[in-house]
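Asks:
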Amino acid sequence: MELRQLEHFLAVARHGSFTGAAREVHVVQSALSASVRKLEVELGSALFERTSRKVLLTEAGRALLPTARRITADVVAARGEVAAVQGLSRGRVSIGTIQTLTVLDLPAELGEFRLRYPGVRIHVREGVMPDLANAVVAGELDLAYVAGEGPFDAELVRFGEWTQRMALVCHPGHRLAGRDRVRLTECGDEPFVEFLGSSLQAMIARGFADAGVRLNRVCEATHVPLLIALVAAGLGVSIVPDVVAERSGLPHARLAEPALVRPIRLVGRSAELTNPAARALLAHLVG
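The numbering of the sequence shown is numbering that gives the first Met the number 0, which starts it at 0 and goes up by one.
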């Protein structure tokens with residue numbers, strides 16, 4: 000049973016005539032008659048009594064009428080929903096982000112996007128690189144800002160890439176407070192507050208090892224504001240993106256010899272996003 004057959008059946012029922020129905024649906028009468036007859040064959044019952052003056056519904060035709068109306072109405076509604084999503088009068092988009100995203104003001108960008116597309120619902124998930132990358136690969140997120148490298152790189156498409164520089168942050172009165180630049184070798188054995196689970200953790204550990212100095216971990220935090228508060232309370236120093244350090248209000252210094260940097264990437268699952276809302280958000284973020 001095809002939708003076109005049901006539409007032809009309903010047109011004949013409304014007009015009581017194959018001629019009038021053919022005019023309504025813009026097909027030749029012979030094609031419409033063949034379509035209705037094919038439907039009757041598929042259902043195993045005549046749907047109309049064909050007389051010389053009028054075409055009347057049979058009992059089977061009257062039984063089919065409400066179902067045919069409901070099916071065609073549902074299809075029209077479904078087409079309207081799809082058209083609305085394609086036109087972005089409604090829809091949903093999911094984006095992930097790391098806590099230490101500093102390459103743009105994501106809340107502000109999403110606010111502008113929302114003003115442009117008020118019917119689109121936005122889901123934002125905060126997490127760490129492996130979890131966010133896995134969510135994109137699994138289709139749980141349309142897009143994500145991730146940091147560093149990972150095992151999912153081959154399965155992700157990069158839509159943008161930026162570089163994030165690191166800085167040392169310490170409490171007021173610390174021996175390194177007031178410095179503009181600090182060498183990593185000067186941080187050896189300093190009590191260190193670590194950002195647990197982030198790609199920062201692996202990058203900092205690798206940097207200390209390459210510099211041949213000891214990383215003296217004394218405290219761990221999984222939330223950036225808490226990490227900053229722990230440093231401010233004097234538990235130790237830490238290394239965070241330079242913008243995070245600047246916003247903290249604490250003494251901070253750029254790392255040198257070597258400088259620590261990491262890539263920040265906006266990624267998706269495929270080069271051609273199937274979600275219209277995701278395509279619009281991507282264009283807004285990188286356009």
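Every residue, glycine too, gets a C-beta built ideally from N, C-alpha and C.
1) Tell me, please, which residues DSSP counts as bridged to Phe47.
2) Just verifying my parser: in three-state terms, what is the DSSP assignment at Met0?
3) Using the DSSP secondary-structure output, state which residues sit across from His122 in a beta bridge.
4) Ala98 by DSSP, collapsed to three states: which one?
5) Would you check if the distance between the CB atom of Gly95 and the CB atom of Val135 is smaller than 8 Å?
6) What first and last residue would you give for the alpha helix (DSSP H) that runs through Arg113?
7) Quick one: measure Cβ to Cβ for Ser88 and His122, integer angstroms, because I've assumed they're closer than 8 Å.
8) Count the other CB atoms, across all protein chains shown, that sit within 10 Å of the CB of Gly206; report buried if there are 16 or more and exposed otherwise.
9) Mind checking who Phe158 pairs with in its DSSP beta bridge?
10) If you run the structure through DSSP and keep just helix, strand and coil, what is Arg78?
11) Would you kindly report the start and end of the unbroken alpha helix (DSSP H) that includes Val236?
12) Given that a residue counts as buried once 16 or more other Cβ atoms are within 10 Å of its Cβ, and exposed if not, what is His251?
13) Leaving out five residues on either side along the sequence, give the residues of the same chain with a beta carbon under 8 Å from the beta carbon of Gly118.
14) Determine the DSSP secondary structure at Cys186, reduced to helix, strand or coil.
15) Given this structure, state the Cα-to-Cα distance separating Tyr116 from Arg261, to the nearest angstrom.
16) Where do the N-terminal and C-terminal ends of the alpha helix (DSSP H) with Gly206 fall, by residue?
17) Are the segment 218 to 228 and the segment 182 to 201 touching, with three or more C-beta to C-beta distances below 8 Å?
Replies: From the atom records:
1) In the DSSP output, where bridge partners are listed per residue, Phe47 has Leu56.
2) Assignment of Met0 by DSSP, reduced to helix, strand and coil, places it in the coil class.
3) According to DSSP, which records beta bridges pairwise, His122 is partnered with Ser93.
4) Per the sequence presented here, residue 98 reads as Gln, with Ala not at that position. The answer is coil: DSSP assigns Gln98 none of H, G, I, E or B.
5) In contact: Gly95 and Val135 (Cβ atoms closer than 8 Å).
6) That run of the alpha helix (DSSP H) goes Leu105 to Arg115.
7) For Ser88 against His122, the beta-carbon gap comes to about 18 Å, at or over 8 Å, which does not count as contact.
8) Buried, because 16 or more other Cβ atoms sit within 10 Å of the Cβ of Gly206.
9) Answer by DSSP bridge pairing: none, since Phe158 is not bridged.
10) Three-state result, Arg78: helix.
11) Where Val236 is concerned, there is no enclosing alpha helix (DSSP H), because DSSP gives it neither an H nor an E.
12) Note on His251: 16 or more other CB atoms within 10 angstroms of its CB, so buried under the neighbour-count rule.
13) Within the same chain, Gly118 has close Cβ partners Ala83, Leu87, Ser88, Arg89 and Gly90.
14) Here Cys186 sits in helix by DSSP.
15) The straight-line gap from Cα to Cα measures roughly 33 Å.
16) For Gly206, the enclosing alpha helix (DSSP H) covers residues Ser198 to Ala210.
17) Contact between the segment 218 to 228 and the segment 182 to 201 is present: three or more C-beta pairs spanning the two stretches fall below 8 Å.
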